[in-house]
Every structure is written in structure tokens, then in C-alpha cells.
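Taking the UniProt record's numbering, the leading residue of the sequence shown gets 1, the next gets one more, and so forth.
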Amino acid sequence: MVTKRSKTSPSKQTSTTSAPEPALSDSLLSASAESAKFLVLLQVASRLLTFSVNQLLLRYLSPTLLGVSVQLELLTTSILYFSRESLRNALQRQATAADSRVVTNLALLTLPLGLVFSVLLGTGYLWGREGGEGIGYWKVSVALFVIATLLELAAEPAFAVAQMRMRVKVRAAAESAAAMARCALTCGVTVWAAGQGRELGALPFAIGQIGYGGVLLLVYTVRIGREVKWGKIQQTKEHYYAGYFSQQLSHLAATMWLQSSIKHVLTQGDSLLVAWLTTLQEQGVYALANNYGSLVARMLFQPLEESSRTLFSKLLPAQPDTALRVMKTLLKLYLLLSVFFISLGPPFAPALLQLVAGRKWAGSAASQVLQAFCYYIPLLAVNGVTESFVQAVATPVQLRKQSAAMFAFSLGFAAAGVVFVRTLEMGATGLVWANAVNMLLRIVWSGAFIRAYFKERGVDLASVDVLPSVMLVVVGAAIATVVRGMGSLPPVESMGLVQLVITGASAGGALLLACVIAERRFLKECWDMIKAGQ
């Protein structure tokens, strides 16, 4: 997939940093908007496909088996995060027009890192855990998940080049095709096994993951493999280690590794805490509610977070005013959406869960967990934007300070988890509230960093600009009170799908109308920005 190139003289080297000129602001905003659009569409299509397949799988899966699949997914996520996340974040600061070998050389390091963490974490899953006992094909499934992860890491150099050149369509094609392959294989093997009366344990998930990694690597190789070059950049060691690895980006990636590792523990802390405090069956219940509760976050917030981080890296420090305007716009949009989540989510969550997952799951603790997620999602959204800003502009020293703060927050999260889960006996719902405490602490830290950053540059940071209007908040509270005053919504069977839709649409429509009226000026500005970027 990669081709080695001959050495280049020092005069032809490209700088690892490039401050954008003011004239490039519009083109960067337009490219970033285009990137965000494709990533959002990719996530929506991928998640809707996964959602549809999961609805079928839920008819065949027990809570215990669903809990096992979550633990295997955590294995893959951990290997990927420890192997590539810091390198990805560092390479996003690379100039768009730079020599692709600068990013390819560093991106190739994900493979040896992936091998190391695959051995360490894979061994721990095979022999250091009791969760797989009694699960069919457990060791084979773990091995297949590790192989699939290495296939995914093999595509990282091509991903880095596509990301540097903002070739979002390549990424969209690769990830959508891979997601379809995973869904088709997982679903197909599960249905086949059920028809044959065979119990395959976690094997269908492992086969699906192999399909994902293989198709991802194949599409990247076909679409952009010829553009992936590697080789020496120059003879001197002044800017590159051994002529291959950018010193500046290497130092930044090394600094970010500790920070990103702590962030991963924080992000996946609920899964780790669930594994420690609960049974596999309880983990399955939490996983179901978590998948539904964070569906919007993964479809909408995650791609916008990635695009904003890239945009902030290219706009700052040359254009702080433009970066601040983009950040405030995103934050206000998220807070407007939060009014809908908090007002309408909790009362309708149990009925919707019964509708999509069936009475077996709706009668479990998943309903309470899903209701709690409606309050947690707004914090998740705001934190994504603020931490993207920090990742884009922080110096190595500042990143180390953030790592120390996040480590302290992780201890607070663990303590809160024990209190909510064990002391207050809130079960999986307590994990959501522990996550909310952790997320709030991270937002406070990032907010203080952002305020100090702009204060040093003489830019006014009026946080009140991002808050929803008083009128919208009052209407949202009134609608929430009315809906809650109706009592618990009746089961889907007795209420009827039509009645459920009418009730939800009426409440949502009234809140949407209030939003359009109260925030018409802001919404018009957003529409003008979208039209200008087309």
C-alpha cells in the first residue's frame, strides 16, 4: 500500500506548522463545513444501519451475551486509542500542503504500537478475566478481534494522508463500506446459527469485526494507496529524527499520548466500572441503554468535534476572532438541542425503548438508564467542543497540566461511581450520574483554559452569548412539566403507536416553534454561514 521515495534535499522540506493567512479563513471554514457535513452524514448512515441490525440481533441475544460483546468492543477501542490517538491529534497540526511523507512516516508507527498493545491487552482478556468463562468461542473471538484491530491500524497511513488533504469522501467511502460489511456478517452469522440451533457465543461479533477491518483497509488502499509515500525527508537531523520523523510532531505526539490515555480511561471509565461493579447481565442492560442514549452523540457530536478540532488547529493562533465565533456557534447549537433532550427525553424514553427493543428490555433497568442519559448528553456535547479547542492549541506544557487534571478527575469519577452504584444502590443509572460529574469537571477545566487563552490575546469572551434565550427555557420547562404531569406514559400496546407519535410530535412541535421564534436571529446567522460555505 505504501511506496518508498528517494531522499529530498533540505531546501525542499516542508514546515510542520503553517499559520493560515486571513485570506484563507473563508476557504478553511468552507472546507471544514464540507468535512463536517460528510462526517455527520457518514455517522448518521452508519449508526442507522447499525441500529437496524441491532434491532434484529436483540431478538436473538441475551443480556449476558450483549455484555460480552461490549467487553470485546472495549478491547478493540483500547488498542486503537493507545496506538493511534495521540499520533492522529498531533498530525492534525500538519500543514495541508505538506509532503505526505511527514504524516505517513509517523502514522506507520501505529502498527508496532498496535502489536505491543494487542499482546498486552489481548493476553489480559484471554487469561486475566473471568468474564469469558462459559461463553462459547471466547478465546477465538478475542483473537479475531485483535487481528481485526491490526487490520484497521494498517490503514492508518492512508487515513492520515486523506485527513491532511481533507479528502473526506475517501474516509466516508471506507468507513461506510466497512460498517456495512460488519453489520452484514454479524447479522448473517447470528441468524444462520439461530436457524441451525447452534450457540456460537461471541463469534458472530468477531467475524463481523474482521469484515470491518478488512474492508476498511481494502477501500483505503484502492482509493488513496498510491498517494501514500514514505521515506527520508532530509539528510540533517535538525528537524527530523533519522531523517524520517518530524521532531516537533514526535514531541507533540509523545506529550499527547499520556493525555489521550488518561482521556480514554475517563471516556471508557463507565465500561471499566461496569465490569468491576456489575455482572455480565447488568452490563448488557447498561450497554443497551448506553447505545440508544449516546446514539445522537455518536452521529452528530463526534463528527462535528473532529471537524472543529481540525479547523481550530488551522485558524489559531492567526485568527482568534474567527475561531471564537465558530466555537460559540457550535456551543449555542448544542445548548439549544439540550433543551429538547432535557424537556422531552425522560418522559418518552421508556415508551420508545419498548417500541424499539421490546417489552423484555423495557421492563429492565434500561429505561431508567436511558432517562438519565437525556440529562448527560448535553454535558457530553459541550465537553466535545471545549476539549477540541484545547487539543488544537495547547502547548506540550499545557497538555501535561491537562493530563494531571484529568487524572484527578478520573479519581473523582471512580469515587462518584462507587457512591452512586454501591452506596446509593442506583446500579447502572448511577454510572450515568458519575459520568456527568466527571464531564462537568472537564468542562470547567477546559472553560478556564479557553478564557485564559483569549484573555491573553485581548479577545472578549462573553459566555452569555451561547446560552439559550429565557423564553425558550421557560417554554421548555413548561412543556416538560405538562408532559410529566400526565404521569408515566402507558405501554405502547395500550397507548398505540399513533397516539404516542401524536403526543411526542405535539410537544416537540410546540418546543420547536418556540425555538424558531426566540432564536430566529441566531438561526438566520447559522443559515447564512451554511449558504456562504456552499
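Don't be surprised by glycine CBs; every beta carbon is placed ideally from N, CA and C.
Note that the structure is a prediction, hence the values are computed from the model and not measured.
- Taking 8 Å as the upper bound for CB-CB distance, L352 and L330 are not in contact here, some 27 Å apart.
- Annotated three-state conformation of S469 is coil, per DSSP.
- When the alpha-carbon of S307 is set against those of M166, V68, D460, A173, the nearest one is in M166.
- A straight-line Cα-Cα distance of about 31 Å links T255 and Y212.
- Secondary structure remark: continuous alpha helix (DSSP H) runs of at least 4 residues inside the stretch 303 to 338: none found.
- Assignment of Y286 by DSSP, reduced to helix, strand and coil, places it in the helix class.
- Taking A287 as the centre and dropping the five residues before and after it, the same chain places the C-beta of L66, G67, V70 closer than 7 Å to its C-beta, in chain order.
- Look at T429 here: in three-state DSSP terms it is helix.
- Under the three-state reduction of DSSP output, R451 falls in the helix class.
- Counting of Cβ neighbours within 10 angstroms places A289 among the buried residues, the total reaching 16 or more.
- Here R442 is buried, its C-beta having at least 16 other C-beta atoms within 10 Å.
- Per DSSP, G214 is one residue of the alpha helix (DSSP H) stretching across 203 to 224.
- Counted as a single uninterrupted DSSP element, the alpha helix (DSSP H) harbouring Q71 occupies residues 63 to 91.
- In the three-state scheme derived from DSSP, where H, G and I count as helix and E and B as strand, R59 is classed as coil.
- Around the beta carbon of T186, 16 or more other beta carbons sit within 10 angstroms, so the residue counts as buried.
- Look at L108 here: in three-state DSSP terms it is coil, with no helix or strand label.
- Look at A394 here: in three-state DSSP terms it is coil, with no helix or strand label.
- The three-state reading of DSSP puts E519 in coil, since its state is none of H, G, I, E or B.
- Across the set L41, L48, L61, the C-alpha of L61 shows the shortest separation from the C-alpha of G358.
- With contact defined as three or more Cβ pairs closer than 8 Å, the stretch 141 to 155 and the stretch 110 to 124 are in contact.
- Here the alpha carbons of G201 and T110 stand approximately 31 Å from one another.
- Residue environment: Q196 is assigned as exposed (fewer than 16 neighbouring CB atoms within 10 Å of its CB, all protein chains considered).
- Taken atom to atom, the span from the alpha-carbon of F348 to that of G504 is near 8 Å.
- Distance from the CA of V418 to the CA of T278, rounded to the nearest whole angstrom, comes to 11 Å.
- Excluding residues up to 5 positions away in sequence, V339, A514, C515, A518, E519 lie with their Cβ nearer than 7 Å to the Cβ of L472 in the same chain.
- Residue S83 holds the alpha-carbon nearest to the alpha-carbon of S260 among S294, G136, F373, S83.
- Taking every protein chain shown into account, the CB of R88 has 16 or more other CB atoms within 10 angstroms, so this residue is buried.
- Note on geometry: alpha-carbon atoms of L399 and V466 lie some 26 Å from one another.
- Just measuring C-alpha positions, the residue of D321, Q283, V53 sitting nearest R457 is D321.
- Between I224 and V161 a beta carbon distance of about 6 Å is seen, short of the 8 Å cut, so the two are scored as contacting.
- The beta carbons of P63 and G284 sit closer together than 7 Å.
- Straight-line spacing of the CA atoms in A448 and G384 works out to 15 Å.
- Take G345, set aside five residues on each side of it, and the residues of its chain with a beta-carbon closer than 6 Å to its own are C374, in chain order.
- With 16 or more other Cβ atoms from the protein chains shown falling within 10 Å of its own Cβ, G114 counts as buried.
- In summary, S52 is exposed, with fewer than 16 beta-carbon neighbours lying within 10 Å of its beta-carbon over all protein chains present.
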